[in-house]
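Notes follow the structure.
Numbering (our numbering), first residue to last: 438 to 616.
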């Protein structure tokens, strides 16, 4: 059997989904001969590879770099999964949407609350160009699977991987789909 090429990435969010991914514990060791983690915050790979089988994308799409990376991932990946509630609905990141323009929370964080150096940084390396609203992944690219939860439970992540490897029971909509 060919090894599953698995990637994970973190957009706008807290990294809780990746922590839940690590909570599958020794299951990852059990899969050592079945999967290759080819791109992830937990792997030191700089360039997103081609021909990835599955990418778990955590977090809402919050700025232009996320949009570009999402399209790049979609072109190079067979199956894309919205990984956690921020990717599925924009969740916590989307709370800024009610405030209006992205300058409102930036002004509050960098001017109102600042003790020194008051001012919004204009360097996109420090603060990327925010989208008008934080949005769920499916509003940017087609998504094949939704893994809801804040974060998704480790057992749900395990079930998805087993299913894609052909080693688990067929998954029901309740296990993978939102809504």
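All C-beta atoms in this analysis are idealised placements derived from N, C-alpha and C, irrespective of residue type, glycine included.
Just so we're clear, the structure is a prediction, and the values are computed from it rather than from any experiment.
| Item | Value |
| --- | --- |
| Cβ pair residue 453, residue 499 closer than 7 Å | no |
| Cβ separation of residue 497 and residue 524, assumed to be a contact under 8 Å, to the nearest whole Å | 7 Å |
| Meets three-Cβ-pair contact criterion under 8 Å: the segment 511-526 and the segment 580-595 | yes |
| Same chain, Cβ closer than 6 Å to residue 464, five either side skipped, listed in chain order | 595 |
| Straight-line gap, residue 599 to residue 546 (C-alpha atoms, nearest Å) | 43 Å |
| Per-residue DSSP class, three states only, for residue 495 | strand |
| Buried versus exposed call for residue 610 [16 or more other C-beta atoms within 10 Å across all chains shown] | With a pLDDT of only 46 at residue 610, under 50, the local geometry of the prediction cannot be trusted, and the value read off the model is given with reservation. Looking at its Cβ environment, which holds fewer than 16 other Cβ atoms inside 10 Å, residue 610 is exposed. |
| 4 or more residues per run - each alpha helix (DSSP H) lying fully within the segment 503-585 | 522-526, 540-544 |
| When 516, 562, 494 are compared against residue 455, the one with the closest alpha-carbon | 494 |
| Contact under 7 Å by Cβ, residue 519 with residue 459 | no |
| Close-in-space but distant-in-sequence residues of the same chain around residue 502 (CB under 6 Å, 5 per side omitted) | 565 |
| Collapsed DSSP secondary structure at residue 474 in the structure displayed | strand |
| From 576, 444, 542, residue whose alpha carbon lies closest to that of residue 473 | 444 |
| Cβ neighbours of residue 442 in the same chain (closer than 8 Å, five flanking residues each side left out) | 472, 473, 475, 486, 488, 489, 490, 491 |
| Selection from 468, 556, 451 that minimises the alpha carbon distance to residue 440 | 468 |
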